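Chemist: For the sequence shown, position 129 (counting from the first letter as 1) is numbered 129 according to this note's numbering, and the numbering increases by one without interruption. Ideal Cβ placement from N, Cα and C applies to all residues, glycine included. Owing to the predicted nature of the structure, the values given are computational and were not obtained by experimental measurement.
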Amino acid sequence: MEAGEAKSKKAGGPRLCCICNQRRPVLKRPKTLQQICRECFYEVFEEEIHQVIVVNRLFKSGERVAIGASGGKDSTVLAYVLSELNRRHSYGLDLFLLSIDEGITGYRDDSLETVKRNELQYGLPLQILSYKDLYGWTMDEIVKMIGLKNNCTFCGVFRRQALDRGAALLKVDKLVTGHNADDIAETVLLNILRGDIARLSRCTSITTGEDGPIPRCKPFKYTYEKEIVMYAYFKKLDYFSTECIYSPNAYRGFARQGLFWISSNPVKTSELRQPQKCLSKGHVSDAGIFLARNGAKLVFCWKD
1 MEAGEAKSKK AGGPRLCCIC NQRRPVLKRP KTLQQICREC FYEVFEEEIH QVIVVNRLFK
61 SGERVAIGAS GGKDSTVLAY VLSELNRRHS YGLDLFLLSI DEGITGYRDD SLETVKRNEL
121 QYGLPLQILS YKDLYGWTMD EIVKMIGLKN NCTFCGVFRR QALDRGAALL KVDKLVTGHN
181 ADDIAETVLL NILRGDIARL SRCTSITTGE DGPIPRCKPF KYTYEKEIVM YAYFKKLDYF
241 STECIYSPNA YRGFARQGLF WISSNPVKTS ELRQPQKCLS KGHVSDAGIF LARNGAKLVF
301 CWKD
């Protein structure tokens, strides 16, 4: 096969998938740089997530698991893949979709329509909780009172509490979210820029809240955002792609800019999930200089 493939290449023949050597490649994996076909991409993408679940023992048979569903690409792919793996590998899980309505007109109301379609497409029960019902107000009302500054920080706290209350209402054993490798790298950089060493030590854990009533798991911890987008695109999954109308004002945006700068210079996203390694190589200090020049407020720690 290798000789034949080499002969085919010399003769100007088509390049074949580096995994199956049968079909033509349709993409180059950002994670491994392999040129592979669509079918092999589906297989390795799903198998890697399955291995993450098995190796880290994220679930036990018979558990009730809520999927934090926003209608975006990450949670939509997570719901689809987890429901597929649950059937294929007989995890024995009872899966639910859990959505939070923050009350953001022109954003969340539209994305929830996507989640409702996902409920029918994947056959998963859906529970929706709103800020209005839980707290008595919406994010639109909060923004009118406090303005655009720091509203994402408030919303993040309220959303985490709402997910916990929704998970308790569903009486689930675990809550899973679609946080991917890029999200975790952003969080690491964000905590460094803020000087939040306490959170830095735990923000990369694949499971958090184990000492609380409902642990949270991140099956996409090692999955690149680009590959999630590719998977959703090739599978033609139904997801909502518009960002929150308030997100341009989020401090996390600076971390995202820094991560883009680092990835262009370059440094592997996987290294940003290892804070000590990242600091020792000076990647974050370089990113800090870049961000400071672009208006980010940084926290510096001086050692005598």
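1. Could you pull the start and end residues of the beta strand (DSSP E) that D101 belongs to?
2. From G282 to N56, what does the alpha carbon distance come to, in whole angstroms?
3. So, for G209: in the same chain, excluding its five sequence neighbours on each side, which residues have a beta-carbon less than 7 Å away from its beta-carbon?
4. With distances taken from CA atoms, which of L33, E63, I67, D74 is nearest T242?
5. Take L279 and list the residues in its own chain whose beta-carbon comes closer than 7 Å to its own, dropping the five residues that flank it on each side.
6. Assuming L93 contacts G68 (C-beta within less than 8 Å), just tell me the rounded distance between them.
7. Beta carbon of P30, beta carbon of K226: below 9 Å?
8. Cutting at 7 Å between CB atoms, please list the residues of its own chain near V172, excluding the five before and the five after it.
9. Going by Cα to Cα distance, which pick from G106, R165, E84 is closest to K235?
10. What are the partner residues of S130, as DSSP defines its beta bridges?
11. G156 lies in the beta strand (DSSP E); which residues open and close that run?
12. According to DSSP, simplified to helix, strand and coil, what is A66?
13. Report yes or no: do three or more beta-carbon pairs, one from the segment 31–50 and one from the segment 148–167, lie closer than 8 Å?
14. Determine which residues share a DSSP beta bridge with V176 and list them.
15. Grab the span of the alpha helix (DSSP H) containing F234 for me, first residue to last.
16. Are G72 and L129 touching if we call contact CB-CB under 9 Å?
17. Suppose you measure from the CA of Q22 to the CA of Y80; what does that come to, to the nearest Å?
18. Reducing DSSP to helix, strand and coil, say where L27 ends up.
19. Would F220 and L78 be called neighbours here (beta carbons separated by less than 9 Å)?
20. Once you ignore the five residues that flank R108 on each side, which residues in its own chain have a CB closer than 7 Å to its CB?
21. With a threshold of 16 other CB atoms inside 10 Å of the CB of K218, please say whether the residue is buried or exposed.
22. Near K132, what residues of its chain come up, given a Cβ to Cβ distance below 6 Å and the 5 sequence neighbours on each side ignored?
Modeler: Result, derived from the coordinates:
1. Within the sequence shown, residue 101 is the residue found at index 101, counting from 1. It spans 94–101 - the beta strand (DSSP E) in which D101 sits, taken as one unbroken run.
2. Here residue 282 is taken as the residue at index 282 of the sequence shown, counted from 1. Here residue 56 is taken as the residue at index 56 of the sequence shown, counted from 1. With a pLDDT of only 49 at G282, under 50, the local geometry of the prediction cannot be trusted, and the value read off the model is given with reservation. The straight-line gap separating the alpha-carbon atoms of G282 and N56 is approximately 30 Å.
3. Locating residue 209 in the sequence shown gives position 209, where the first residue counts as 1. The beta carbon of G209 sits closer than 7 Å to those of P215, R216, all from its chain and outside the five residues before and after it, given in chain order.
4. By 1-based counting over the sequence shown, the position of residue 242 is 242. With distances taken between CA atoms, T242 lies nearest to D74 out of L33, E63, I67, D74.
5. Here residue 279 refers to the residue found at position 279 of the sequence shown. Here the model assigns L279 a pLDDT of 49, short of 50, so the residue's position is not dependable, and the following value carries that caveat. Closer than 7 Å at Cβ, skipping near neighbours: no residue.
6. Locating residue 93 in the sequence shown gives position 93, counting from the first residue. Locating residue 68 in the sequence shown gives position 68, counting from the first residue. Under the criterion of beta carbons closer than 8 Å, L93 and G68 do not qualify as touching, at roughly 15 Å.
7. Counted from its first residue, the sequence shown places residue 30 at position 30. Counted from its first residue, the sequence shown places residue 226 at position 226. Contact annotation: P30 and K226 have beta-carbon atoms nearer than 9 Å.
8. Translated into the one-based positions of the sequence shown, residue 172 becomes position 172. If we look at V172 and ignore the five residues flanking it on each side, its Cβ neighbours are R64, V65, A66, F96, I214.
9. On the sequence shown, residue 235 is found 235 positions in, with the first residue counted as 1. For K235, the closest C-alpha among the options G106, R165, E84 is that of E84.
10. Here residue 130 corresponds to residue number 130 of the sequence shown, with the count starting at 1. In the DSSP output, where bridge partners are listed per residue, S130 has D101.
11. Start at 1 with the first residue of the sequence shown, and residue 156 comes out as number 156. Element bounds for G156: not the beta strand (DSSP E) but the alpha helix (DSSP H), 151–170.
12. As a working mapping, residue 66 is identified with position 66 in the sequence shown. Annotated three-state conformation of A66 is strand, per DSSP.
13. Contact between the segment 31–50 and the segment 148–167 is absent, because fewer than three Cβ pairs lie under 8 Å.
14. In the sequence shown, the residue the question calls residue 176 occupies position 176. DSSP, once it has assigned bridges, lists I67, C217 as partnering V176.
15. Along the sequence shown, read from residue 1 onward, the residue named residue 234 stands at position 234. Per DSSP, F234 belongs to the alpha helix (DSSP H) from 225–235.
16. Locating residue 72 in the sequence shown gives position 72, where the first residue counts as 1. Locating residue 129 in the sequence shown gives position 129, where the first residue counts as 1. The answer is no: Cβ separation not under 9 Å.
17. Against the sequence shown, residue 22 aligns to sequence position 22. Against the sequence shown, residue 80 aligns to sequence position 80. Near 27 Å, if we compare the C-alpha coordinates of Y80 and Q22.
18. As a working mapping, residue 27 is identified with position 27 in the sequence shown. L27: strand per DSSP, three-state reduction.
19. The residue labelled residue 220 in the question sits at position 220 within the sequence shown. The residue labelled residue 78 in the question sits at position 78 within the sequence shown. Taking 9 Å as the Cβ cut-off, F220 and L78 qualify as a contacting pair.
20. Here residue 108 refers to the residue found at position 108 when the sequence shown is read from its first residue. Cβ-Cβ distances below 7 Å link R108 to D101, E102 in the same chain, with the five nearest sequence neighbours on each side left out; the list follows chain order.
21. Here residue 218 is taken as the residue at index 218 of the sequence shown, counted from 1. Label assigned to K218: buried.
22. Taking the first residue of the sequence shown as position 1, residue 132 is located at position 132. Excluding its 5 nearest sequence neighbours in each direction, K132 has C-beta neighbours in its own chain below 6 Å: G103, T138, listed in chain order.
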